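> Using our numbering, the first residue of the sequence shown is number 2, and each one after it goes up by one.
Glycine is no exception: its CB is placed at the ideal position from the N, C-alpha and C atoms.
Note that the coordinates shown come from a computational prediction; the quantities given were computed from them, not determined experimentally.
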Amino acid sequence: MNTKPEPGGAVLARAVNLVNCGLVVLDAAQEIVLWNGWMVPRSGYSAARVQGRALLDVFPELRGSRVEAAVLAALTDNISATVPASQGRSPFPLREAGSFDGARIDQAVAVIPFSEGGERYCLVEIRDVSNAVDRERRLLDHAESLRARSYVDGLTGIANRRHFDVALDRELRRAQRNGGALSLLLMDIDSFKAYNDHFGHQDGDACLTTVAQALAAMLKRPADVAARYGGEEFAAILPDTTLEQARAHANAIRAHVASLNLPHAPAAARPHVTLSIGVAACDRDGLTEPAALIEAADKALYAAKRGGRDRVVAYGDPA
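#1: Bridge partners for residue 188 per DSSP, in chain order?
#2: Excluding the 5 residues preceding and the 5 following residue 22 in the sequence, name in chain order all residues of the same chain whose CB lies nearer than 8 Å to its CB.
#3: How big is the Cα-Cα spacing for residue 233 and residue 132?
#4: Under DSSP, the beta strand (DSSP E) around residue 125 begins and ends at which residues?
#5: Residue range of the alpha helix (DSSP H) that residue 165 falls in?
#6: Let me know the secondary structure DSSP gives residue 43 once reduced to three states.
#7: Look at residue 213 and residue 244 and say whether their C-beta atoms are less than 8 Å apart.
#8: Kindly indicate which three-state DSSP category residue 199 falls into: helix, strand or coil?
#9: According to DSSP, simplified to helix, strand and coil, what is residue 105?
#10: What residues are listed by DSSP as bridge partners for residue 116?
#11: Quick check: the segment 265-284 against the segment 198-214, are at least 3 beta-carbon pairs closer than 8 Å?
#12: Considering only the alpha carbon of each residue, which of 192, 211, 155 lies closest to residue 309?
#13: Measuring only the C-alpha atoms, how far is residue 302 from residue 72?
#14: To the nearest whole angstrom, what separates the beta carbons of residue 152 and residue 251, a pair I think is in contact under 8 Å?
#15: What distance in whole Å lies between the Cβ atoms of residue 56 and residue 27, which are believed to be in contact at a cut-off of 8 Å?
#16: Let me confirm a value: residue 78 is counted as buried when at least 16 other C-beta atoms fall within 10 Å, else exposed. Which label applies?
#17: Go ahead and label residue 261 buried or exposed: buried means 16 or more other beta carbons lie within 10 angstroms of its beta carbon, across all protein chains shown.
#18: By alpha-carbon positions, which one of 203, 158, 290, 91 ends up nearest to residue 215?
So this is what it looks like as structure tokens:
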């Protein structure tokens with residue numbers, strides 16, 4: 002009987018490198034374990050240079066993008082997602098092979114989860130669709146599948162609670178791994194029930210959106226995360242930020258929202274919309290878990306409310 006041997010690793014590796022699209026495999030920590038030959042001349046990075054590095058470290062601009070949301074959905078929920086190409090959208094900084102200063106290629110990106118040896122991985126497939134005539138059709142076909150698993154709050158346009166939970170866990174682990182700082186702000190719109198009772202829920206939604214966008218505008222760094230924590234409560238994750246730096250930033254956010262001069266309800270403590278903010282920072286002695294950090298920031302927020310509102314209190318401040 003004539004039997005053919007199974008293809009060896011060298012044959013499979015060659016086949017992967019001959020595929021006419023980008024193939025990137027990420028492990029559960031979002032670190033690169035495979036980077037095929039198609040990626041090399043279009044990214045300017047060799048496989049050896051990116052092996053073992055986090056995808057968001059290689060391409061920092063992907064933070065907060067639809068690609069990051071799709072990767073999170075794949076690795077945390079085992080959900081496949083497609084990031085369709087659309088006009089002016091090229092999520093990965095990839096260019097024509099050999100071109101280092103040309104225009105980015107238009108891309109269609111698919112993210113597919115899989116498991117191997119009990120470990121979770123995801124495959125990121127990147128196709129050059131610069132000349133594809135069906136670009137708009139792909140956008141319409143696949144936009145809804147990604148939107149359904151969105152990590153963006155539908156009302157305010159900033160990160161939602163789901164995205165916040167994943168980002169806080171990721172940044173806290175990174176801070177502990179690198180010995181860096183991480184701070185958390187929890188913010189609450191003062192007397193918001195009075196605002197809703199006086200102006201109505203439609204104006205209340207507009208107020209939430211205005212405050213959310215003001216908060217997002219104050220977070221300039223790519224790794225910072227502004228999120229709607231729930232109801233009229235917001236959060237900010239500030240990597241590489243000490244407690245005192247976070248306190249100063251929280252005061253700047255509080256002053257910025259107050260400067261908007263949004264009229265408040267007559268029953269409110271202030272004539273204009275204000276924020277109370279609680280601040281906490283991770284430390285090696287105690288606040289090393291997301292729940293503990295959130296609890297500390299929440300206690301500080303409660304102290305700010307109890308102390309008269311429109312103020313910043315850091316965890317550990319004297320009562």
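To lay it out plainly:
#1: 235, 278
#2: 39, 126, 127, 128, 129
#3: 45 Å
#4: 120-129
#5: 162-179
#6: helix
#7: no
#8: helix
#9: strand
#10: 121
#11: yes
#12: 192
#13: 32 Å
#14: The Cβ separation is near 24 Å, so there is no contact.
#15: 6 Å
#16: exposed
#17: exposed
#18: 158
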